[in-house]
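The structure appears below as structure tokens.
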Amino acid sequence: PYPSILKVYPGSGDRSILSGYDEAGFEVGSGGVSSFFGQPVDIDFDPLSGDLFVADVFGSSIYSIDPFDPSPEAPSGDRILRVHNSVGTGNVGLQEPVALALFEDKVTIVDVDGSHDNGAVLVGDLSSNGDRSLLSADGQGQDFSDPVDLVAAMDNWYVADSGLQAIIEIQGGDPGQDPN
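Numbering (my numbering), first residue to last: 1 to 180.
Below, the structure is given as structure tokens:
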């Protein structure tokens, strides 16, 4: 019962641990104690690097995972801490990331921690060691209640908010543009 990322084999439905710790407590992939998953809650694929990105709500972190090894039978599962309060700089801290979406060299994150009132949308710049900036928070249009997911479309961001039972549009939130 260790939080881990699983690989599911489509043909058989069999599963194996891609990254994290197995049932015996042995590490799968490298990353050490500092990259132990608290509670991974969302995952996205980066077609540019081939890496998976994981939002870890209890670890207040975004990790990248290398799903490949030189041998296709043995995925590496190596983890790198990419966005966290101890990585990069920024005008806003990352507290409880529940969703993420990748666009070029940026990761956009839904953060539900109380320091942002009812939630916020942050941007982590992957080209600059995870520097963080605020894209949208309460007081900038419709306040969030319980944001749970997001997607980019037509130069805007759309945030699913289960508390409001609504989709909130963040206009002009071009995923490729620095919000500052």
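Where a beta carbon is used, it is the ideal one built from N, C-alpha and C, also for glycine.
- Go through the region 99-162 residue by residue and report every complete run of the beta strand (DSSP E) that reaches 3 residues or more, in order. 106-111, 120-125, 131-137, 147-153, 156-161
- Between the Cα of L18 and those of A24, D78, I43, spot the shortest distance and give me the residue it belongs to. Here the question's residue 18 lines up with position 18 in the sequence shown. Checking every option, the nearest Cα to that of L18 belongs to D78.
- State the DSSP-derived secondary structure class of E23, mapped to helix, strand or coil. Position 23 of the sequence shown, counted from the start, is the residue given in the question as residue 23. In this structure, E23 counts as coil in the three-state DSSP scheme.
- Task: For my contact list, V159 and V110 are in at a C-beta cut-off of 8 Å; report their separation, rounded to the angstrom.
- Result: On the sequence shown, position 159 is the one that residue 159 refers to. On the sequence shown, position 110 is the one that residue 110 refers to. Indeed, because the Cβ distance is near 6 Å, the residues count as touching under 8 Å.
- Message: Just to check my reading of the structure: L122 and V92 have Cβ atoms closer than 8 Å, yes? What is that Cβ distance to the nearest angstrom?
- Response: As a working mapping, residue 122 is identified with position 122 in the sequence shown. As a working mapping, residue 92 is identified with position 92 in the sequence shown. Their Cβ separation, rounded to whole angstroms, is 6 Å, which keeps L122 and V92 in contact under 8 Å.
- Inspect the CB distances between the region 39-46 and the region 90-106 and report whether three or more fall short of 8 Å. yes
- Message: By the three-class DSSP mapping on this structure, what secondary structure does S60 have?
- Response: If you number the sequence shown from 1, residue 60 lands on position 60. Reduced to three states, the DSSP call for S60 is coil.
- Provide the residue span of the beta strand (DSSP E) that contains D42, from first to last. Translated into positions along the sequence shown, residue 42 becomes position 42. Here the beta strand (DSSP E) through D42 covers 40-45.
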